[in-house]
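If you count the sequence shown from 1, position 70 lands on 69 in numbering that gives the first Met the number 0, and the numbers rise without skipping.
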Amino acid sequence: MSNYADVVIIGAGIIGCSAAYNLAKKGCSVIVLEANDNIGNGGSTRNGGGVRQSGRDPRELPLIMYGIKNIWPTLSEELGVNVEYYQEGNLRLGKTDAHIKTLQGLTNSAVSCGLDVRMIGQDEAKAINPFLSNEVLGASWCPTDGHANPLLTTLAYYRKARQLGVRFFTGEKVVKINKIKGKARQVVTENNVYEGDKIIVAAGFASRSILNSVGIDVPMVPVLLETLVTEAVEPMFYQMLGTAAADFYGHQSTHGSFVFGVNSGMEPYAKPGSPVSSSSAASIACRGIMSYFPALADVKIVRTWAGWMDSCADHVPVISAVEEVPGLVVACGFSGHGFGISPTVGLLLSELAMDTKTTLDLKALRYDRFCR
0 MSNYADVVII GAGIIGCSAA YNLAKKGCSV IVLEANDNIG NGGSTRNGGG
50 VRQSGRDPRE LPLIMYGIKN IWPTLSEELG VNVEYYQEGN LRLGKTDAHI
100 KTLQGLTNSA VSCGLDVRMI GQDEAKAINP FLSNEVLGAS WCPTDGHANP
150 LLTTLAYYRK ARQLGVRFFT GEKVVKINKI KGKARQVVTE NNVYEGDKII
200 VAAGFASRSI LNSVGIDVPM VPVLLETLVT EAVEPMFYQM LGTAAADFYG
250 HQSTHGSFVF GVNSGMEPYA KPGSPVSSSS AASIACRGIM SYFPALADVK
300 IVRTWAGWMD SCADHVPVIS AVEEVPGLVV ACGFSGHGFG ISPTVGLLLS
350 ELAMDTKTTL DLKALRYDRF CR
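Written out as C-alpha coordinates, the structure is:
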(Lines of atoms letter the chains of each structure in order from A; the text may use other names.)
(Lines give C-alpha, C1' and ligand atoms only; values in the text may rest on other atoms or scores of the structure.)
Protein backbone atom coordinates (compact mmCIF):
# COMPACT_ATOMS: atom_id res chain seq x y z
CA MET A 0 0.00 0.00 0.00
CA SER A 1 1.38 3.45 -0.94
CA ASN A 2 -0.34 4.88 2.14
CA TYR A 3 1.15 2.26 4.50
CA ALA A 4 4.30 2.46 6.65
CA ASP A 5 5.65 0.77 9.76
CA VAL A 6 5.13 4.06 11.59
CA VAL A 7 2.89 7.02 10.75
CA ILE A 8 3.89 10.28 12.44
CA ILE A 9 1.39 13.11 12.78
CA GLY A 10 3.24 16.43 12.80
CA ALA A 11 6.34 17.53 10.88
CA GLY A 12 7.82 19.82 13.48
CA ILE A 13 11.22 19.12 14.95
CA ILE A 14 9.84 16.37 17.20
CA GLY A 15 8.21 14.55 14.28
CA CYS A 16 11.22 15.05 12.01
CA SER A 17 13.65 13.88 14.68
CA ALA A 18 11.55 10.79 15.37
CA ALA A 19 11.27 10.05 11.65
CA TYR A 20 15.04 10.28 11.22
CA ASN A 21 15.75 7.98 14.17
CA LEU A 22 13.20 5.41 12.98
CA ALA A 23 14.47 5.44 9.41
CA LYS A 24 18.04 5.06 10.66
CA LYS A 25 16.90 1.83 12.33
CA GLY A 26 15.32 0.51 9.15
CA CYS A 27 11.64 1.39 9.66
CA SER A 28 9.44 2.73 6.89
CA VAL A 29 7.91 6.04 7.95
CA ILE A 30 5.19 8.41 6.74
CA VAL A 31 4.96 11.92 8.23
CA LEU A 32 1.73 13.90 7.88
CA GLU A 33 1.70 17.69 8.25
CA ALA A 34 -1.44 19.83 8.24
CA ASN A 35 0.44 22.92 7.12
CA ASP A 36 1.87 23.41 3.66
CA ASN A 37 5.32 23.97 5.18
CA ILE A 38 7.59 21.85 7.36
CA GLY A 39 8.13 23.10 10.90
CA ASN A 40 5.78 26.06 10.59
CA GLY A 41 4.68 25.85 14.24
CA GLY A 42 6.73 26.27 17.36
CA SER A 43 9.69 24.33 15.94
CA THR A 44 10.93 27.26 13.89
CA ARG A 45 9.35 29.98 16.04
CA ASN A 46 11.36 29.81 19.24
CA GLY A 47 14.46 31.24 20.88
CA GLY A 48 16.68 28.24 20.12
CA GLY A 49 17.66 27.44 23.69
CA VAL A 50 19.57 24.24 24.36
CA ARG A 51 19.47 24.68 28.10
CA GLN A 52 19.42 22.54 31.21
CA SER A 53 19.07 25.30 33.80
CA GLY A 54 15.57 26.31 34.81
CA ARG A 55 13.97 23.02 33.75
CA ASP A 56 11.57 20.81 35.68
CA PRO A 57 13.47 17.85 37.20
CA ARG A 58 11.22 15.46 35.24
CA GLU A 59 12.54 16.62 31.87
CA LEU A 60 16.05 17.52 32.97
CA PRO A 61 17.48 14.04 32.17
CA LEU A 62 16.40 14.43 28.53
CA ILE A 63 18.33 17.63 27.94
CA MET A 64 21.33 16.46 29.97
CA TYR A 65 21.53 13.33 27.80
CA GLY A 66 21.18 15.35 24.60
CA ILE A 67 23.88 17.86 25.52
CA LYS A 68 26.28 15.09 26.49
CA ASN A 69 25.59 12.64 23.66
CA ILE A 70 23.82 14.24 20.68
CA TRP A 71 24.13 18.01 20.30
CA PRO A 72 27.96 18.22 20.11
CA THR A 73 28.07 16.10 16.92
CA LEU A 74 24.62 16.78 15.49
CA SER A 75 25.85 19.03 12.68
CA GLU A 76 28.17 16.30 11.44
CA GLU A 77 25.51 13.61 11.84
CA LEU A 78 22.87 15.52 9.85
CA GLY A 79 25.27 17.09 7.36
CA VAL A 80 24.08 20.64 8.12
CA ASN A 81 25.58 23.26 10.43
CA VAL A 82 22.83 23.72 13.02
CA GLU A 83 24.81 26.59 14.60
CA TYR A 84 25.14 24.92 17.98
CA TYR A 85 26.96 27.00 20.59
CA GLN A 86 27.85 25.73 24.05
CA GLU A 87 28.81 29.04 25.63
CA GLY A 88 26.75 28.74 28.81
CA ASN A 89 23.48 30.16 30.10
CA LEU A 90 23.05 33.28 32.22
CA ARG A 91 19.68 33.57 33.98
CA LEU A 92 19.68 37.11 35.28
CA GLY A 93 18.19 38.76 38.34
CA LYS A 94 17.75 42.45 39.24
CA THR A 95 16.02 42.21 42.64
CA ASP A 96 16.34 40.21 45.83
CA ALA A 97 13.16 38.35 44.84
CA HIS A 98 14.74 37.44 41.49
CA ILE A 99 17.85 36.10 43.22
CA LYS A 100 15.70 34.01 45.54
CA THR A 101 13.86 32.53 42.54
CA LEU A 102 17.14 31.72 40.79
CA GLN A 103 18.57 30.17 43.95
CA GLY A 104 15.59 27.85 44.21
CA LEU A 105 15.95 26.75 40.59
CA THR A 106 19.68 26.26 41.08
CA ASN A 107 19.23 24.15 44.21
CA SER A 108 16.76 21.92 42.38
CA ALA A 109 19.07 21.46 39.39
CA VAL A 110 22.13 20.74 41.54
CA SER A 111 20.18 18.02 43.37
CA CYS A 112 19.67 16.39 39.94
CA GLY A 113 23.40 16.42 39.20
CA LEU A 114 23.60 19.51 36.99
CA ASP A 115 26.68 21.76 37.02
CA VAL A 116 24.98 25.09 37.72
CA ARG A 117 25.69 27.71 40.39
CA MET A 118 24.76 31.16 41.55
CA ILE A 119 27.17 34.00 40.77
CA GLY A 120 27.29 37.62 41.86
CA GLN A 121 27.31 40.82 39.85
CA ASP A 122 31.10 40.95 39.37
CA GLU A 123 31.39 37.39 38.05
CA ALA A 124 28.33 37.82 35.83
CA LYS A 125 29.89 40.95 34.28
CA ALA A 126 33.19 39.14 33.85
CA ILE A 127 31.35 36.52 31.77
CA ASN A 128 29.30 39.14 29.93
CA PRO A 129 30.70 42.68 30.16
CA PHE A 130 27.63 44.12 28.41
CA LEU A 131 25.36 43.57 31.44
CA SER A 132 23.89 46.65 33.09
CA ASN A 133 24.62 47.60 36.68
CA GLU A 134 21.00 46.75 37.51
CA VAL A 135 21.87 43.04 37.36
CA LEU A 136 22.59 41.86 40.90
CA GLY A 137 23.46 38.28 40.06
CA ALA A 138 22.63 35.24 37.96
CA SER A 139 22.58 31.50 37.77
CA TRP A 140 25.35 30.19 35.54
CA CYS A 141 25.35 26.87 33.70
CA PRO A 142 28.51 26.60 31.57
CA THR A 143 27.32 23.58 29.55
CA ASP A 144 24.12 25.23 28.27
CA GLY A 145 23.86 26.80 24.84
CA HIS A 146 21.70 27.43 21.81
CA ALA A 147 21.22 26.40 18.18
CA ASN A 148 19.28 27.50 15.11
CA PRO A 149 15.73 26.06 15.25
CA LEU A 150 14.99 26.51 11.55
CA LEU A 151 18.22 24.89 10.40
CA THR A 152 17.94 22.05 12.92
CA THR A 153 14.36 21.22 11.95
CA LEU A 154 15.13 21.28 8.23
CA ALA A 155 18.32 19.26 8.78
CA TYR A 156 16.31 16.46 10.42
CA TYR A 157 13.74 16.69 7.62
CA ARG A 158 16.41 16.56 4.91
CA LYS A 159 18.23 13.60 6.46
CA ALA A 160 14.98 11.72 7.07
CA ARG A 161 14.03 12.14 3.41
CA GLN A 162 17.43 10.89 2.33
CA LEU A 163 16.73 7.75 4.38
CA GLY A 164 13.39 7.19 2.63
CA VAL A 165 10.87 8.88 4.91
CA ARG A 166 7.82 10.12 3.01
CA PHE A 167 6.41 13.52 4.01
CA PHE A 168 2.92 14.67 3.04
CA THR A 169 2.10 18.33 3.67
CA GLY A 170 -1.37 19.87 3.54
CA GLU A 171 -2.73 16.72 5.17
CA LYS A 172 -4.82 17.79 8.15
CA VAL A 173 -5.61 14.81 10.36
CA VAL A 174 -9.27 14.40 11.28
CA LYS A 175 -9.10 11.31 13.47
CA ILE A 176 -7.39 8.05 14.30
CA ASN A 177 -9.26 4.81 13.72
CA LYS A 178 -8.77 1.66 15.77
CA ILE A 179 -8.92 -1.74 14.10
CA LYS A 180 -9.39 -4.72 16.43
CA GLY A 181 -8.68 -2.42 19.40
CA LYS A 182 -5.39 -1.15 18.03
CA ALA A 183 -4.55 2.27 16.58
CA ARG A 184 -4.11 1.57 12.90
CA GLN A 185 -5.52 4.22 10.58
CA VAL A 186 -4.92 7.96 10.35
CA VAL A 187 -7.75 9.73 8.54
CA THR A 188 -7.02 13.11 6.97
CA GLU A 189 -9.37 15.42 5.10
CA ASN A 190 -8.20 13.80 1.87
CA ASN A 191 -6.82 10.32 2.52
CA VAL A 192 -6.44 7.37 4.87
CA TYR A 193 -3.00 6.18 5.99
CA GLU A 194 -2.13 3.00 7.86
CA GLY A 195 0.72 2.10 10.18
CA ASP A 196 1.63 -0.53 12.73
CA LYS A 197 2.40 2.34 15.09
CA ILE A 198 1.11 5.92 15.15
CA ILE A 199 3.02 8.78 16.79
CA VAL A 200 1.03 11.96 17.54
CA ALA A 201 3.42 14.93 17.68
CA ALA A 202 1.25 17.75 16.35
CA GLY A 203 1.58 20.41 19.02
CA PHE A 204 -1.71 21.73 20.39
CA ALA A 205 -3.60 19.99 17.56
CA SER A 206 -2.59 16.72 19.23
CA ARG A 207 -5.34 17.22 21.81
CA SER A 208 -8.27 16.96 19.38
CA ILE A 209 -6.58 14.15 17.43
CA LEU A 210 -6.10 12.13 20.62
CA ASN A 211 -9.69 12.86 21.67
CA SER A 212 -10.81 10.80 18.66
CA VAL A 213 -9.59 7.65 20.47
CA GLY A 214 -10.69 8.75 23.94
CA ILE A 215 -7.34 10.11 25.19
CA ASP A 216 -6.97 13.65 26.54
CA VAL A 217 -3.82 15.58 27.37
CA PRO A 218 -4.74 18.85 29.11
CA MET A 219 -3.15 21.62 27.07
CA VAL A 220 -3.84 25.22 26.14
CA PRO A 221 -2.35 27.29 23.31
CA VAL A 222 0.06 30.01 24.48
CA LEU A 223 1.38 32.72 22.19
CA LEU A 224 5.11 33.23 21.78
CA GLU A 225 6.49 36.30 20.03
CA THR A 226 10.03 36.73 18.74
CA LEU A 227 12.02 39.68 17.48
CA VAL A 228 15.20 39.67 15.40
CA THR A 229 17.72 42.50 15.20
CA GLU A 230 20.01 43.61 12.43
CA ALA A 231 23.37 41.87 12.28
CA VAL A 232 26.06 43.44 14.44
CA GLU A 233 29.63 42.53 15.34
CA PRO A 234 29.99 39.50 17.67
CA MET A 235 29.28 40.58 21.26
CA PHE A 236 28.42 37.48 23.30
CA TYR A 237 27.13 33.97 22.65
CA GLN A 238 25.70 32.92 25.99
CA MET A 239 22.06 31.85 26.09
CA LEU A 240 20.17 34.46 28.10
CA GLY A 241 17.14 34.32 30.36
CA THR A 242 15.77 36.17 33.37
CA ALA A 243 14.27 35.22 36.70
CA ALA A 244 11.23 37.31 35.77
CA ALA A 245 10.86 35.39 32.48
CA ASP A 246 10.34 38.68 30.63
CA PHE A 247 12.57 37.66 27.71
CA TYR A 248 15.12 35.09 26.55
CA GLY A 249 17.48 34.95 23.61
CA HIS A 250 20.98 34.90 22.13
CA GLN A 251 23.19 36.28 19.38
CA SER A 252 23.24 34.13 16.24
CA THR A 253 26.08 33.13 13.92
CA HIS A 254 24.75 35.71 11.45
CA GLY A 255 25.23 38.45 14.05
CA SER A 256 21.57 39.20 14.75
CA PHE A 257 20.09 38.87 18.19
CA VAL A 258 17.01 36.67 18.56
CA PHE A 259 14.81 37.45 21.56
CA GLY A 260 11.56 35.77 22.58
CA VAL A 261 8.80 36.90 24.90
CA ASN A 262 5.50 35.53 26.24
CA SER A 263 3.33 38.50 25.36
CA GLY A 264 -0.01 37.48 26.88
CA MET A 265 -1.74 38.58 23.66
CA GLU A 266 -3.58 35.27 23.12
CA PRO A 267 -7.10 36.83 23.13
CA TYR A 268 -6.13 39.09 20.22
CA ALA A 269 -4.14 36.64 18.11
CA LYS A 270 -5.41 34.96 14.96
CA PRO A 271 -5.78 31.17 14.87
CA GLY A 272 -3.37 29.29 12.66
CA SER A 273 -0.33 31.48 12.00
CA PRO A 274 -0.75 34.53 14.27
CA VAL A 275 0.70 37.97 13.59
CA SER A 276 3.11 39.49 16.10
CA SER A 277 2.01 42.64 17.92
CA SER A 278 3.81 45.98 17.95
CA SER A 279 3.16 46.38 21.66
CA ALA A 280 4.88 43.09 22.53
CA ALA A 281 8.03 44.09 20.65
CA SER A 282 8.25 47.52 22.29
CA ILE A 283 7.66 46.09 25.78
CA ALA A 284 10.29 43.40 25.20
CA CYS A 285 12.80 45.96 23.96
CA ARG A 286 12.42 48.11 27.07
CA GLY A 287 13.09 45.05 29.22
CA ILE A 288 16.07 43.94 27.14
CA MET A 289 17.68 47.41 27.27
CA SER A 290 17.43 47.46 31.07
CA TYR A 291 19.68 44.38 31.11
CA PHE A 292 21.81 45.22 28.04
CA PRO A 293 21.99 49.00 27.47
CA ALA A 294 24.59 48.47 24.73
CA LEU A 295 21.80 47.15 22.49
CA ALA A 296 19.75 50.37 22.69
CA ASP A 297 20.57 51.51 19.15
CA VAL A 298 20.42 48.10 17.46
CA LYS A 299 17.50 48.02 15.01
CA ILE A 300 14.71 45.44 14.98
CA VAL A 301 14.35 44.07 11.44
CA ARG A 302 11.52 41.55 11.83
CA THR A 303 9.21 39.89 14.30
CA TRP A 304 7.08 36.78 14.25
CA ALA A 305 4.61 34.94 16.46
CA GLY A 306 3.60 31.32 16.99
CA TRP A 307 1.66 29.01 19.26
CA MET A 308 3.08 26.60 21.79
CA ASP A 309 1.24 23.68 23.36
CA SER A 310 1.35 24.42 27.08
CA CYS A 311 0.64 21.35 29.20
CA ALA A 312 -1.26 21.65 32.49
CA ASP A 313 1.88 20.99 34.54
CA HIS A 314 4.25 22.60 31.99
CA VAL A 315 6.04 19.31 31.32
CA PRO A 316 5.64 17.28 28.10
CA VAL A 317 3.85 14.00 27.60
CA ILE A 318 6.11 11.39 25.98
CA SER A 319 4.44 8.03 26.28
CA ALA A 320 2.97 4.92 24.77
CA VAL A 321 -0.77 4.58 25.49
CA GLU A 322 -1.86 1.35 27.16
CA GLU A 323 -5.57 1.83 26.43
CA VAL A 324 -4.86 2.23 22.72
CA PRO A 325 -2.10 -0.21 21.68
CA GLY A 326 -0.03 1.10 18.80
CA LEU A 327 -0.40 4.75 19.85
CA VAL A 328 2.51 6.92 21.03
CA VAL A 329 2.10 10.50 22.26
CA ALA A 330 4.59 13.39 22.18
CA CYS A 331 3.01 16.76 22.96
CA GLY A 332 2.60 19.47 25.60
CA PHE A 333 6.20 20.63 25.34
CA SER A 334 5.28 24.01 26.84
CA GLY A 335 7.97 25.96 25.00
CA HIS A 336 10.77 23.63 26.15
CA GLY A 337 10.74 21.22 23.22
CA PHE A 338 13.52 22.43 20.94
CA GLY A 339 16.47 21.68 23.20
CA ILE A 340 15.27 18.18 24.06
CA SER A 341 14.10 17.31 20.53
CA PRO A 342 17.12 15.18 19.54
CA THR A 343 16.67 13.05 22.67
CA VAL A 344 12.89 12.91 22.23
CA GLY A 345 13.28 11.68 18.65
CA LEU A 346 15.49 8.85 19.89
CA LEU A 347 13.05 7.94 22.67
CA LEU A 348 10.05 7.99 20.34
CA SER A 349 11.81 5.61 17.96
CA GLU A 350 12.38 3.24 20.88
CA LEU A 351 8.75 3.49 22.03
CA ALA A 352 7.48 2.84 18.50
CA MET A 353 9.76 -0.18 18.12
CA ASP A 354 8.85 -1.60 21.55
CA THR A 355 12.46 -1.57 22.72
CA LYS A 356 13.82 -0.48 26.08
CA THR A 357 14.06 3.29 26.21
CA THR A 358 17.42 4.96 26.79
CA LEU A 359 15.89 7.03 29.62
CA ASP A 360 13.10 6.34 32.11
CA LEU A 361 9.92 8.08 30.91
CA LYS A 362 7.64 7.15 33.81
CA ALA A 363 7.33 10.76 35.01
CA LEU A 364 6.23 11.89 31.52
CA ARG A 365 3.43 9.36 31.02
CA TYR A 366 0.10 10.50 29.55
CA ASP A 367 -1.95 9.14 32.46
CA ARG A 368 -0.30 11.20 35.21
CA PHE A 369 -3.31 13.54 35.11
CA CYS A 370 -5.73 10.71 35.88
CA ARG A 371 -4.43 9.96 39.36
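We put the CB at the ideal spot given by N, CA and C, even for glycine.
In angstroms, rounded to a whole number, what distance separates the CA positions of residue i and residue j?
i       : j       : result
Thr-242 : Ser-1   : 50 angstroms
Lys-159 : Gly-113 : 33 angstroms
Leu-224 : Ser-132 : 26 angstroms
Arg-91  : Asp-196 : 44 angstroms
Glu-189 : Leu-240 : 42 angstroms
Asn-262 : Lys-180 : 44 angstroms
Val-80  : Thr-73  : 11 angstroms
Ala-292 : Lys-25  : What sits at residue 292 in the sequence shown is Phe, not Ala. Their Cα atoms are separated by approximately 46 angstroms.
Gln-121 : Phe-236 : 17 angstroms
Asp-115 : Val-298 : 33 angstroms
Asn-69  : Ile-215 : 33 angstroms
Gly-104 : Val-232 : 35 angstroms
Lys-350 : Phe-338 : The sequence given here places Glu at residue 350; Lys does not occur at that position. For Glu-350 and Phe-338, the distance between alpha carbons rounds to 19 angstroms.
Asn-148 : Val-174 : 32 angstroms
Tyr-193 : Trp-307 : 27 angstroms
Pro-342 : Val-222 : 23 angstroms
Leu-210 : Met-353 : 20 angstroms
What does residue i pair with, by DSSP beta-bridge criteria?
i       : result
Val-217 : In DSSP, Val-217 forms no bridge with anything.
Cys-331 : Val-317
Met-239 : Asn-89
Thr-169 : Glu-33
Ala-183 : Lys-178
When burial is assigned at 16 or more other CB atoms within 10 Å of the CB, is residue i buried or exposed?
i       : result
Glu-171 : buried
Cys-141 : buried
Val-301 : exposed
Ala-126 : exposed
Glu-323 : exposed
Ser-310 : buried
Arg-286 : exposed
Phe-333 : buried
Tyr-20  : buried
Ser-111 : exposed
Val-275 : exposed
Val-271 : The sequence shown places Pro at residue 271, not Val. Pro-271 should be labelled exposed.
Asp-36  : exposed
Identify the continuous alpha helix (DSSP H) that holds residue i and give its terminal residues.
i       : result
Lys-175 : That residue, Lys-175, is in no alpha helix (DSSP H); its beta strand (DSSP E) goes 173 to 179.
Ser-208 : 206 to 211
Leu-22  : 13 to 24
Gly-339 : 337 to 352
Ala-4   : Counting along the chain, Ala-4 falls outside any alpha helix (DSSP H), though it belongs to the beta strand (DSSP E) covering 3 to 9.
Ends of the beta strand (DSSP E) at residue i?
i       : result
Ser-319 : 317 to 320
Met-265 : Where Met-265 is concerned, there is no enclosing beta strand (DSSP E), given that its DSSP letter is neither H nor E.
Ala-138 : 137 to 141
Lys-159 : Counting along the chain, Lys-159 falls outside any beta strand (DSSP E), though it belongs to the alpha helix (DSSP H) covering 149 to 162.
Gly-249 : 248 to 251
Val-232 : Here Val-232 belongs to no beta strand (DSSP E), and DSSP marks it neither H nor E.
Lys-197 : 192 to 200
Which ranges does the alpha helix (DSSP H) cover as unbroken runs of at least 4 residues, wholly within the region 87 to 131, from first to last along the chain? Taking 4 residues as the minimum length, the alpha helix (DSSP H) runs contained wholly in the region 87 to 131 are 96 to 111, 121 to 127, in order along the chain.
Report the start-end ranges of each beta strand (DSSP E) in the region 23 to 78 that is 3 residues or longer and not cut off at the edges. You should have 29 to 33.
List, from N- to C-terminal side, the alpha helix (DSSP H) runs of 4 residues or more that fit wholly inside the region 278 to 314. 278 to 291
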